[in-house]
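First comes the structure, then the notes that go with it.
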Amino acid sequence: MTPGLRRLLLTGVLSMLSAALTPRTRPARPRLRPLLLAWVLLMALLAIEFGAAFTPLGRSARPFVLIPAVLMVAVVGTLFMRVGRGVTIVRLFAAAGLLWLGILLGLGSLDPLTRTDYPVQTGNPQ
Amino acid sequence: MSDASYLPHEFQYSSARHQAETAIAGMWLFLATEMLFFGALFLSWVYSRHWNQAGFDAGAQQTNLTIGTVNTAILVASSFVYSAGLAFIEVGNKRRLIQCCAVAWMLGLAFLILKFGVEWHDDFHKHLFPGPHFAITGALGGGARLFFIFYFVGTALHGVHMIGGLVLVGWVILRARRGEFSPGYHTPVAAVGLYWSFVDMVWIVLYPLIYLVGRGP
Chain A
-15 MTPGLRRLLL
-5 TGVLSMLSAA
5 LTPRTRPARP
15 RLRPLLLAWV
25 LLMALLAIEF
35 GAAFTPLGRS
45 ARPFVLIPAV
55 LMVAVVGTLF
65 MRVGRGVTIV
75 RLFAAAGLLW
85 LGILLGLGSL
95 DPLTRTDYPV
105 QTGNPQ
Chain B
521 MSDASYLPHE
531 FQYSSARHQA
541 ETAIAGMWLF
551 LATEMLFFGA
561 LFLSWVYSRH
571 WNQAGFDAGA
581 QQTNLTIGTV
591 NTAILVASSF
601 VYSAGLAFIE
611 VGNKRRLIQC
621 CAVAWMLGLA
631 FLILKFGVEW
641 HDDFHKHLFP
651 GPHFAITGAL
661 GGGARLFFIF
671 YFVGTALHGV
681 HMIGGLVLVG
691 WVILRARRGE
701 FSPGYHTPVA
711 AVGLYWSFVD
721 MVWIVLYPLI
731 YLVGRGP
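Going line by line, the protein sequences match chains A and B. Letter by letter, the first sequence follows residues -15 to 110 of the numbering used here. Letter by letter, the second sequence follows residues 521 to 737 of the numbering used here.
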């Protein structure tokens, strides 16, 4: 075997070995499973909410139909908007928004939800 | 969000990652103010319904539940598809980003057509706009008028936000077509996604307030 042929064979074997030992690079896959799960969850909650609207509840108890909507908002916030994966300031802004919204709705609702209505006397007392 | 510190950035930031995090935080701060903006609308619902329950619910029963429910499913799907587009650009798939944004944009447009082209049109036709020829009269008329004021103001405000969202998603599509986004830089895609999902969230709350709470067996 001539030195040139030997070198050629050696190079071929080495390159084959190198190709075999190098891990194959596959194109990275997007993380779609959590998003798909979120969508299924949202559609299920929408169905529950839709069904709950036809349950026999009293007028004052009907706002409980909003519970699935609150859960849907939580799903969108965590899985689509990824609030938990944001930096600290992002979570702080989201929490502050919720806090002030709570104060706005809480204090604002205090009067209609706690006021006692006394009947107004009508007609001539004499 | 960008995670490549070697990318160019503005002088006031220490790195491209710092710049991207600041942009996302800025969008969240804007969304916090939007929460309070829509919070006042939701509070008006609490007040109006509490003092006029029978009339308010009589108004709610006149709304088109089918269109409302279909529109909710459309917006949820739109938000899901846009988030999938963001996941695709994070791994460098620009073609899928453009496709997802285009589908999200079309779903958003379908929502607007159903809401304003079909539902509002029917509402005006049935004299449900609180004006001089309002359809519901008698003891329930006052509460029903309050409901439809809430309905038209709420859906119009949400619709304006939707139109803004469509402009932004269209802008993302144009920039993506020019090849401006990569796994290292896609902050505008993420920021617009936050806004788009927030608009979806607002509708998720408006849907039961308008269509479901006032309905019953």
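Even for Gly, the Cβ is constructed at its ideal location relative to N, Cα and C. Small disclaimer: the values here were computed from a predicted structure and weren't measured.
Near chain A, meaning a CB-to-CB distance below 8 Å, the residues of the segment 717 to 728 of chain B are Ser717, Phe718, Asp720, Met721, Ile724, Val725, Tyr727 and Pro728.
Here the alpha carbon of B:Ala664 sits roughly 4 Å from the alpha carbon of B:Gly579. Residue-level contact by beta carbon fails for B:Leu686 and chain A, as no gap is shorter than 8 Å.
For A:Pro103, there are no neighbours in chain B by C-beta distance under 8 Å, as the nearest C-beta there is about 16 Å away. In the displayed model, B:Arg569 falls within a helix according to three-state DSSP.
Any Cβ of chain A closer than 8 Å to the Cβ of B:Met626 would place that residue at the interface, and such an atom is absent.
Per DSSP, the unbroken alpha helix (DSSP H) holding B:His645 starts and ends at Trp640 to His645. Judged by DSSP in its simplified three-state form, B:His681 adopts helix. A straight-line Cα-Cα distance of about 13 Å links B:Val566 and A:Gly86. B:Tyr602: member of the alpha helix (DSSP H) spanning Leu585 to Glu610, first to last residue.
DSSP, reduced to helix, strand and coil, places B:Gly663 within a helical segment of the structure shown. The closest CA to that of B:Val719, considering only A:Gly61, A:Leu76 and A:Leu25, is found on A:Gly61. Apart from sequence neighbours up to five positions away, the residues of its chain that approach B:Ser598 with a beta-carbon distance below 6 Å are Ala624, Leu627 and Gly628, ordered along the chain. A:Gly35 does not reach chain B, its nearest Cβ partner there being about 10 Å away, counting only Cβ pairs nearer than 7 Å. Here DSSP, grouped into helix, strand and coil, assigns B:Ala711 to helix.
One finds Gly736 in chain B with Cβ atoms closer than 8 Å to the Cβ of A:Leu41, taken in chain order. Shown here, B:Gln619 sits in a helix according to DSSP, grouped into three states. The segment 670 to 677 of chain B makes no contact with the segment 693 to 700 of chain B, as fewer than three CB pairs between them are under 8 Å. When 7 Å is used as the limit between beta carbons, A:Ile32 is near no residue of chain B, the shortest such separation being about 11 Å. Close CB contacts of B:Leu729 within its chain, under the 6 Å cut and outside five residues either way in sequence, are with Trp565 (chain order). Note on B:His647: under 16 other CB atoms within 10 angstroms of its CB, so exposed under the neighbour-count rule.
Here DSSP, grouped into helix, strand and coil, assigns B:Ala574 to helix.
Going by beta carbons, B:Phe701 and B:Lys635 fall outside the 8 Å limit. Listed along the chain, the chain A residues whose CB falls inside 7 Å of the CB of B:Ser599 are Val60 and Phe64. One alpha carbon belongs to B:Ser568, the other to B:Gln619, and they sit about 43 Å apart. In the three-state DSSP reduction, A:Met27 falls in the helix class (H, G or I). Around the beta carbon of A:Leu19, a 10 Å sphere encloses 16 or more other beta carbons of the protein chains shown; the residue is thus reported as buried. Here A:Gly68 is exposed: its Cβ has fewer than 16 other Cβ atoms, across all protein chains shown, within 10 Å.
Residue burial is scored here from C-beta neighbours: B:Pro652 has fewer than 16 other C-beta atoms within 10 angstroms and is therefore classed as exposed. Here the segment 73 to 90 of chain A makes no contact with the segment 32 to 42 of chain A; the two share fewer than three CB pairs at distances below 8 Å. When C-beta atoms of the segment 586 to 595 of chain B are compared with those of the segment 552 to 562 of chain B, fewer than three pairs fall below 8 Å, so the two segments do not count as touching.
Using a C-beta cut-off of 8 Å, the segment 682 to 692 of chain B makes contact with the segment 708 to 717 of chain B, since at least three inter-stretch Cβ pairs fall below that distance. Straight through space, the alpha carbons of A:Tyr102 and B:Leu677 are spaced by roughly 37 Å.
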